[in-house]
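Numbering-wise, UniProt numbering puts 144 at position 144 of the sequence shown, and it's gapless, one number per residue. Written below as structure tokens is the structure these notes are about.
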Amino acid sequence: METLSIITLREKPELIERAAAWFHSKWGVPEQAYFACMQAYLSGESEYGWYLCMDGEKIVAGMGVIENDFHDRKDLAPNVCAVYTEEAYRCRGIAGKLLDYVVEDCRKKGISPLYLVTDHVGFYERYGWEFLCMVQGEPEMTRMYRHP
Numbered sequence: 001m002e003t004l005s006i007i008t009l010r011e012k013p014e015l016i017e018r019a020a021a022w023f024h025s026k027w028g029v030p031e032q033a034y035f036a037c038m039q040a041y042l043s044g045e046s047e048y049g050w051y052l053c054m055d056g057e058k059i060v061a062g063m064g065v066i067e068n069d070f071h072d073r074k075d076l077a078p079n080v081c082a083v084y085t086e087e088a089y090r091c092r093g094i095a096g097k098l099l100d101y102v103v104e105d106c107r108k109k110g111i112s113p114l115y116l117v118t119d120h121v122g123f124y125e126r127y128g129w130e131f132l133c134m135v136q137g138e139p140e141m142t143r144m145y146r147h148p
């Protein structure tokens, strides 16, 4: 991680358009939806943040925190979402470092616990996340994790 840096979007708000486009390219959620969530964060309307791992000026990984990540359990909020690491940067511990950073940043703001939905088994447990239950996602059931 020597050439990589983890930042919040508030540290580099000029990246909002690039970040929204990057997340859209990974997940297919409309770019405008990402932009609106990021704008709410940048304006202080929400403390649910957006986090990036940068290699110089290149976004190589990222994730956000939103109220609900497309599931039916509205009581399990907020949710870490859009977790993604570029293939060439995987297996370096970047996602784990980002997850830890997000958990700590939210904890400092009094936001705890955090939840996330995923189909992965075994990955998030390495970083202190606990399987909680199955939830109805879009379109099928998916795993819900909690970080205390």
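Even for Gly, the Cβ is constructed at its ideal location relative to N, Cα and C. These numbers come from a predicted model, not from an experiment.
Buried or exposed for residue i, please, with buried defined as at least 16 other CB atoms from any protein chain shown within 10 angstroms of its CB.
| i | result |
| --- | --- |
| THR85 | buried |
| VAL102 | buried |
| VAL121 | exposed |
| ALA36 | exposed |
| GLY64 | buried |
| GLY44 | exposed |
| CYS133 | exposed |
| ALA21 | exposed |
| GLY49 | buried |
Output the boundary residues of the alpha helix (DSSP H) element that contains residue i.
| i | result |
| --- | --- |
| GLY96 | 94-108 |
| CYS37 | 31-43 |
What are the residues that DSSP puts in a beta bridge with residue i?
| i | result |
| --- | --- |
| ARG10 | DSSP lists no partner for ARG10. |
| ARG143 | THR118 and MET134 |
| SER5 | MET54 |
| residue 149 | This structure does not reach residue 149, given that the chain is present from 1 up to 148, and the question cannot be answered. |
| TYR84 | GLY62 |
Thinking residue i and residue j are a contact (beta carbons under 8 Å), I'd like their distance in whole angstroms, please.
| i | j | result |
| --- | --- | --- |
| MET38 | SER5 | No, MET38 and SER5 are not in contact; Cβ-Cβ is about 19 Å, not under 8 Å. |
| ALA61 | TYR89 | 6 Å |
| GLU87 | ALA77 | Not really, about 30 Å apart at Cβ, beyond 8 Å. |
| ILE111 | GLU14 | At roughly 25 Å, the Cβ-Cβ gap does not stay under 8 Å, so ILE111 and GLU14 are not in contact. |
At which residues does the beta strand (DSSP E) containing residue i begin and terminate?
| i | result |
| --- | --- |
| ALA19 | Note, ALA19: premise wrong, no beta strand (DSSP E); alpha helix (DSSP H) at 16-27. |
| LEU52 | 50-55 |
Check whether the Cβ atoms of residue i and residue j sit closer than 7 Å, and answer yes or no.
| i | j | result |
| --- | --- | --- |
| ARG146 | TYR124 | no |
| THR118 | ARG143 | yes |
| PHE70 | GLY137 | yes |
| HIS24 | GLU31 | yes |
| TYR51 | GLY96 | no |
Is residue i near the ligand SAM, judged by its Cβ being under 6 Å from some heavy atom?
| i | result |
| --- | --- |
| PRO30 | What this structure holds is no ligand at all, so the ligand SAM is not there to describe. |
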